[in-house]
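Student: Residue numbers (this note's numbering), protein chains in the order written: chain U, 6 to 317; chain R, 6 to 317.
Number of protein chains: 2
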Amino acid sequence: MIESLANKILNSEKTAVARGISLVENESTNAGELLKMLYKNTGKAYLIGITGPPGAGKSTITNALTKILRQNGKKVGIIAVDPTSPFTGGALLGDRIRMQDSGTDDDVFIRSMATRGSLGGLSKKAKEACDILDASGKDFIIIETVGVGQSELDIAQTADTTIVVLVPESGDAVQTMKAGLMEIGDIFVINKSDREGSEALGVALRTMLHLKMTKQSDREIPVIKTIATGNKGINELYDFIIRHKEYLEKKGKLEQKRKANLIKQINVLVNNKLEHKFWTAEKKVKLDDKIQKISEREISPYDFVDELFLET
Amino acid sequence: MIESLANKILNSEKTAVARGISLVENESTNAGELLKMLYKNTGKAYLIGITGPPGAGKSTITNALTKILRQNGKKVGIIAVDPTSPFTGGALLGDRIRMQDSGTDDDVFIRSMATRGSLGGLSKKAKEACDILDASGKDFIIIETVGVGQSELDIAQTADTTIVVLVPESGDAVQTMKAGLMEIGDIFVINKSDREGSEALGVALRTMLHLKMTKQSDREIPVIKTIATGNKGINELYDFIIRHKEYLEKKGKLEQKRKANLIKQINVLVNNKLEHKFWTAEKKVKLDDKIQKISEREISPYDFVDELFLET
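1. Look at the Cβ atom of R/I83, then the Cβ atom of R/S128, and state whether they are nearer than 8 Å.
2. Going by Cα to Cα distance, which pick from R/T56, R/I73, R/A164 is closest to R/N236?
3. With distances taken from CA atoms, which of R/V172, R/C135, R/D294, R/I195 is nearest R/T47?
4. What three-state label does DSSP hand R/G99 in the structure shown?
5. Whole-angstrom Cβ separation of U/K130 and U/V29, contact assumed at under 8 Å?
6. For R/I102, count neighbouring C-beta atoms within 10 Å of its own C-beta (all shown protein chains included) and say buried if the count is 16 or more, exposed if not.
7. Which full runs of the alpha helix (DSSP H) of 4+ residues lie inside the stretch 19-78 of chain R, going along the chain?
8. Using a Cβ-Cβ cut-off of 7 Å (strictly less than) and excluding sequence neighbours within five positions of R/G99, which residues of its own chain qualify?
9. Using the beta-carbon of each residue, which ones in chain R are nearer than 9 Å to U/Q270?
10. If U/V22 and U/F145 are in contact, beta carbons under 8 Å, what's the gap, nearest whole angstrom?
11. I'd like to know whether the C-beta of R/K41 is nearer than 8 Å to at least one C-beta of chain U.
12. Between R/T231 and R/V208, which are expected to be in contact by the criterion C-beta below 8 Å, what is the C-beta distance as a whole number of angstroms?
13. For the beta strand (DSSP E) containing U/L171, name the first residue and the last one.
14. Run through DSSP, which three-state label would U/N266 get?
15. Grab the span of the alpha helix (DSSP H) containing U/K288 for me, first residue to last.
16. Any beta carbon of chain U sitting closer than 8 Å to that of R/Y44?
17. With distance defined between alpha-carbon atoms, name the residue in U/V81, U/Q76, U/I66 nearest to U/I229.
18. Does the beta carbon of R/E174 sit closer than 8 Å to a beta carbon anywhere in chain U?
19. Between the alpha carbons of U/I55 and R/L186, how many angstroms are there, rounded?
20. So, using beta-carbon positions, are R/R211 and R/E174 closer together than 8 Å?
21. Determine, using beta-carbon pairs with one atom in the stretch 303-316 of chain R and one in the stretch 270-279 of chain U, whether at least three such pairs fall under 8 Å.
22. Roughly how many angstroms lie between the CA atoms of R/I304 and U/A140, to the nearest whole one?
23. On the criterion of 16 or more Cβ atoms from any shown chain inside 10 Å, does R/M213 qualify as buried, or is it exposed?
24. In this structure, does DSSP put R/R200 in helix, strand or coil?
25. Any beta carbon of chain U sitting closer than 8 Å to that of R/S33?
26. Have a look at the DSSP bridge pairing and note the partners of U/K230.
27. Can you list, in chain order, the residues of its chain whose CB lies under 8 Å from that of R/Y51, leaving out five sequence neighbours each side?
28. Taking R/K264 as the query, report the chain B residues whose CB atoms sit under 7 Å from its CB, ordered along the chain.
29. Scan the stretch 45-60 of chain U for residues whose Cβ lies nearer than 9 Å to a Cβ of chain R and list them as they occur along the chain.
30. Classify U/S305 as helix, strand or coil using the three-state DSSP reduction.
31. Report the start-end ranges of each alpha helix (DSSP H) in the stretch 236-281 of chain R that is 4 residues or longer and not cut off at the edges.
32. Looking only at its chain, what residues have a beta carbon closer than 6 Å to the beta carbon of R/F314, apart from the 5 residues adjacent to it on each side?
33. Excluding the 5 residues preceding and the 5 following R/K298 in the sequence, name in chain order all residues of the same chain whose CB lies nearer than 6 Å to its CB.
34. Pull up the CB-CB distance for R/E327 and R/S64, whole angstroms please, since I reckon it's below 8 Å.
35. For U/S300 and U/K291, I'd like the C-alpha separation in whole angstroms.
36. Under a CB-based cut-off of 8 Å, is U/N276 close to chain R?
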């Protein structure tokens, strides 16, 4: 059954790809087997991460970029990571709204993934969803993440090219730096650049990036102005993505970057498995028994954990 | 040596508290022993989390709130979580700038912690730093987190009362919801409320919070307007914190919340220990050996991890 699903994914069948991603998202026991089967067919797609503060226009840029990629004959997969809301029980601005533009195109696959529960879980699932899209023959995969925190940054960093989208209103350059975005961008976009403050943000960004460049890199990090709703600057953005891709490939940096990401992925797999094996029914009962005493400061959580390990 | 440090911390000696937090931050082998010794003296401090998008004025609110707490005779600890920057090699807007107002006050302790490396690591360290401040006799501990991502939300949620600070410019209410902030706030603050758009944000927030309340809670979540630089609304904010504290204590919800957090903390401790034990020198060598083959798609990372576990 999983083999037949794998074959359908390799054949680029949309419903099979959707089912595969659902298996991954629901942490189905079959997901591992599926990913093993598909793995040798991955590594061909180029991954673009798009991140930035809420309201910067990331979805609009993703859509505009998808159009250009399609015009260039490229097949596109999109993973949009949205935090879970108790109101909808799932992803906000879900697939339906997003599909309007390209939903009828067979060579575009769009999927929203919601953040549910555990730290780190989402970046694992997002990566695995990318592997499925990759195996299905997509040439480019765009991972769009809402928010600017550590998990989101981790997701953005699994990409080959990471684009940070800012708007004049999203705070000044120092705020951007504080949010950890300066470190991860391969390309910076000032969207809604017809608004006040865009010049000043551009100057400040370039100054800080120049500082960074002289310290760390042999490549100038571009700052591009766009008005995504009017499709302005998107061609330029596309050109810079392709240039960055060529830069990484020529210098052997793409392989290096992907190897580092593989090591991270292996660590996450190991941790998940360790955790799963450790928490036997017996240990869970023990935790239930002792939590009251820990809460009352009779035992410290550190001593309790030591105790759990003594039995392993 | 650690015992003497623990005693000095219990005596509220500032330099000892600073050293204790450094042990935690550097993951010193002594940190565990110290935390074990201090644990029975924790649980007395009340934890306030302050979070929100960059530029919302969280630091200003923290400072203003600290003043009121001091006027009420309360001892205050502050943990400010800042992302690491390669420019400074440490926390931005570090301790020195922040100390200006209350640096000479012996009953205020301020510490910036930087986000270094591993996912989840920071919330563990922030929690442990809070335990040290708690044991040192602080009545209130404020944890201030920059950013709006999953790790930051996790940190904010370890607090007893979580305050979400927004500004009219930080995007509309839907953006706030997308960033995952609607779910975690016990109190919402619209700072810089003299600016345009503050009314509209307030109305939208109240509408959404009302929806949430009818579904999930027996308590109305307040939305407070402040102008922190002018000290406006801060007294009201303080009153609402105290009211929320009383609400939690009266209904037994504080104990319940803290127990849930303890369980999370235990999980993190277990995971750290498992990871540390698993990666023997031998396994690390194996990873080095195989990464090339995994990178060339000869072996999948999933099969490789299975192989690692066979030997355990």
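We put the CB at the ideal spot given by N, CA and C, even for glycine.
Tutor: Well, looking at it:
1. Indexing the second sequence from 1 puts residue 83 of chain R at position 78. Indexing the second sequence from 1 puts residue 128 of chain R at position 123. Against a cut-off of 8 Å, the Cβ pair of R/S128 and R/I83 comes out as no contact.
2. Here residue 236 of chain R refers to the residue found at position 231 of the second sequence. Closest option to R/N236, judged by alpha-carbon separation, among R/T56, R/I73, R/A164: R/I73.
3. Here residue 47 of chain R refers to the residue found at position 42 of the second sequence. Nearest of R/V172, R/C135, R/D294, R/I195 to R/T47, Cα basis: R/C135.
4. Taking the first residue of the second sequence as position 1, residue 99 of chain R is located at position 94. Confidence at R/G99 is low in this model, with a pLDDT of 44, below 50, so the placement of that residue should be treated as unreliable; the coordinate-derived value is given next. Reduced to three states, the DSSP call for R/G99 is coil.
5. Counting from 1 along the first sequence, the entry for residue 130 of chain U is found at position 125. Counting from 1 along the first sequence, the entry for residue 29 of chain U is found at position 24. Contact flag correct, Cβ pair sits at about 6 Å.
6. In the second sequence, residue 102 of chain R corresponds to position 97, counting from 1. Any reading at R/I102 is ruled out, since the residue's pLDDT is 45, under 50, leaving its predicted position unreliable.
7. For the stretch 19-78 of chain R, whole alpha helix (DSSP H) runs of length 4 or above, ordered along the chain, are 19-30, 36-43, 63-76.
8. For the purposes of this step, residue 99 of chain R is taken as residue 94 along the second sequence, with counting starting at 1. For R/G99, the pLDDT reaches just 44, beneath the cut-off of 50, and the residue's location in the model is therefore unreliable, although a value from the coordinates is still provided. Closer than 7 Å at the Cβ level, and outside the excluded window around R/G99, lie S117.
9. As a first step, residue 270 of chain U must be located in the first sequence, where it is residue number 265. Those within 9 Å of U/Q270 in chain R are P306.
10. Numbered from its first residue, the first sequence carries residue 22 of chain U at position 17. Numbered from its first residue, the first sequence carries residue 145 of chain U at position 140. In this structure U/V22 is not in contact with U/F145, their Cβ atoms being roughly 15 Å apart against a cut-off of 8 Å.
11. For the purposes of this step, residue 41 of chain R is taken as the residue at position 36 of the second sequence. Chain U contact via Cβ: present.
12. Residue numbering aside, residue 231 of chain R sits at position 226 when the second sequence is read from its first letter. Residue numbering aside, residue 208 of chain R sits at position 203 when the second sequence is read from its first letter. With 8 Å as the limit, R/T231 and R/V208 do not qualify as a contact, their Cβ atoms being about 17 Å apart.
13. Residue numbering aside, residue 171 of chain U sits at position 166 when the first sequence is read from its first letter. 166-171 is the extent of the beta strand (DSSP E) around U/L171.
14. For this step, residue 266 of chain U is matched to residue 261 along the first sequence. U/N266 falls in the helix class under three-state DSSP.
15. What you label residue 288 of chain U is simply residue 283 of the first sequence in a count that begins at 1. Taken as a continuous stretch (DSSP letters only), the alpha helix (DSSP H) holding U/K288 covers 286-300.
16. Residue 44 of chain R sits at position 39 when you count from the first residue of the second sequence. Interface residue, yes.
17. To locate residue 229 of chain U, count along the first sequence from 1; it is residue 224. Answer by Cα proximity: U/I66.
18. Working through the second sequence from its first residue, we reach residue 174 of chain R at position 169. The C-beta of R/E174 comes closer than 8 Å to at least one C-beta of chain U.
19. Looking up residue 55 of chain U in the first sequence gives position 50. Looking up residue 186 of chain R in the second sequence gives position 181. Approximately 21 Å between the Cα atoms of the pair.
20. Numbered from 1 along the second sequence, position 206 holds the residue referred to as residue 211 of chain R. Numbered from 1 along the second sequence, position 169 holds the residue referred to as residue 174 of chain R. Against a cut-off of 8 Å, the Cβ pair of R/E174 and R/R211 comes out as no contact.
21. The answer is yes - the stretch 270-279 of chain U touches the stretch 303-316 of chain R, with three or more Cβ pairs under 8 Å.
22. Locating residue 304 of chain R in the second sequence gives position 299, where the first residue counts as 1. Locating residue 140 of chain U in the first sequence gives position 135, where the first residue counts as 1. Between R/I304 and U/A140, the C-alpha separation is close to 15 Å.
23. As a first step, residue 213 of chain R must be located in the second sequence, where it is residue number 208. Counting Cβ neighbours within 10 Å, R/M213 comes out buried, since at least 16 surround it.
24. Stepping through the second sequence from its first residue, residue 200 of chain R is reached at position 195. Three-state DSSP puts R/R200 in coil, outside helix and strand.
25. Locating residue 33 of chain R in the second sequence gives position 28, counting from the first residue. Judged by the 8 Å Cβ criterion, R/S33 is not in contact with chain U.
26. As a working note, residue 230 of chain U is residue 225 in the first sequence. Answer is U/I195, bridged to U/K230.
27. Here residue 51 of chain R refers to the residue found at position 46 when the second sequence is read from its first residue. So the qualifying residues of the chain are D144, F145, I146, D165, T166, K250.
28. The displayed structure is made up of protein chains U and R, and chain B is not among them.
29. Flagged, chain order: K45, N46, T47, G48, P58, P59, G60.
30. Your numbering for residue 305 of chain U matches position 300 in the first sequence. Collapsing the DSSP output to three states places U/S305 in coil.
31. Counting only unbroken stretches of 4 or more residues, the alpha helix (DSSP H) elements lying wholly within the stretch 236-281 of chain R are 239-255, in sequence order.
32. What you label residue 314 of chain R is simply residue 309 of the second sequence in a count that begins at 1. Within the same chain, and ignoring the five residues on either side of R/F314 in sequence, no residue has its Cβ closer than 6 Å to its Cβ.
33. Indexing the second sequence from 1 puts residue 298 of chain R at position 293. Excluding sequence positions up to five before and after R/K298, its CB lies within less than 6 Å of the CB of I304, all in the same chain and listed in chain order.
34. In this structure chain R extends from 6 to 317, so residue 327 of chain R is not present and cannot be described.
35. Reading the first sequence from its first residue, position 295 is the one you call residue 300 of chain U. Reading the first sequence from its first residue, position 286 is the one you call residue 291 of chain U. U/S300 and U/K291 have their C-alpha atoms spaced approximately 14 Å apart.
36. As a position in the first sequence, residue 276 of chain U is number 271, starting the count at 1. With its beta carbon less than 8 Å from one in chain R, U/N276 belongs to the interface.
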